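S.K.: Following the working numbering, the numbering of the sequence shown begins with 1179 at its first residue and continues without gaps. First the structure, then my questions, so here it is.
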Amino acid sequence: MSVVVLSDVHANIQALDAVLDDVARVAPHAPIWHCGDVVGYGASPNEVIAALRRVGATGVMGNHDLAALGDDIVESFNEGAHAAALWTREALTAESREWLRSLPRVAEMGSATLVHASLRDPILEYVMDATTAEENLRRLSTPILFHGHTHIPALWELQREVAHLTAVDADPIALRGPSLVNVGSVGQPRDRDPRAAWLLWERDEEHAGLGRVTWRRVEYDIPSAQEAIDAAGLPDSLASRLAVGR
Ligand code: ZN
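Next up, the structure:
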């Protein structure tokens, strides 16, 4: 059975719509999971939440979701992220706020766990190096951890007790053991590829629930997402970075 995993949509409805169209073609009956940062940066927080609710997405809380709900975490944000968080607080409807507030920080889903950042710190820790990856891999209580936060697709696997970074491209990758699977970002990719990212997990219950993962990249209407950011009065940098994917 297949599962769709998304992360870091960041209120970009143009990117999410394109991803959901691709999902409808590739995995029309798969459940949809998300790893948080549903809102923040982009101009369409309520539209994104409505779309995720419509497809019955299940997921967790990110640092930008927490900031949009009024948490002090916003004080640690850089200028653009801070401005966007304050804008999002005002833009959210009561219904959207209630949905965001209901998101847990960790969700165990059979042989996989969902968090936004890392298992050790589900809200804030960036997994960018082998030491951090290894410490998180050792804490896993399920074979797979799906996460986001860095906006960069990545696969860290524990091989002979050492964290190993496996190169990620468009080909399916068979998981062999404990794995941290960073699904990349729908709404603000930062790996110099501006296309929206999502992940297809083809689960294999006979092999410890591991199976294989495929990262998909989808073109979307970037100019419209940029225009919406400009029209909302959000910082220009949040619009311009979408075109370069960083
Ligand atoms: Zn994010």
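Cβ atoms here follow ideal geometry from the backbone N, Cα and C, with glycine treated the same way. In this text the structure is predicted, and so the values were computed from the model without any measurement.
1. By DSSP, does N1190 sit in helix, in strand, or in coil?
2. Hey, quick one: how far does the alpha helix (DSSP H) through Q1404 stretch, first residue to last?
3. What are the start and end residues of the beta strand (DSSP E) that includes L1184?
4. Kindly examine the ligand ZN and report whether one of its heavy atoms sits closer than 8 Å to the Cβ of G1220.
5. I'd like the list of long-range same chain contacts for A1263, defined as Cβ closer than 7 Å, with 5 residues on each side in sequence excluded.
6. Do L1292 and V1183 have their beta-carbon atoms positioned less than 9 Å apart in this structure?
7. Rounding to the nearest angstrom, what Cα-Cα distance links L1343 and T1328 in this structure?
8. Determine the contact status of V1197 and V1396, defining contact as a CB-CB distance below 9 Å.
9. Taking L1292 as part of the alpha helix (DSSP H), name the residues at either end of that continuous run.
10. What number of angstroms, rounded off, separates the C-alpha of S1357 from the C-alpha of A1261?
11. P1401 to A1421, Cα distance in whole Å?
12. Select from R1390, Q1366, A1417 the residue whose C-alpha is nearest the C-alpha of L1194.
13. Round the Cβ separation of G1355 and E1335 to the nearest angstrom and send it over; I've been treating them as touching at under 8 Å.
14. Rounded to the nearest angstrom, what separates A1285 and G1237 at their Cα positions?
15. Check whether the stretch 1315-1329 touches the stretch 1382-1391, taking contact to mean three or more Cβ pairs, one atom from each stretch, closer than 8 Å.
M.R.: By the coordinates alone:
1. coil
2. 1400-1409
3. 1180-1184
4. no
5. G1218, H1242, A1245, A1246, V1252, F1255
6. yes
7. 15 Å
8. yes
9. From DSSP, L1292 is part of no alpha helix (DSSP H) but of the beta strand (DSSP E) over 1290-1292.
10. 35 Å
11. 8 Å
12. Q1366
13. 6 Å
14. 7 Å
15. yes
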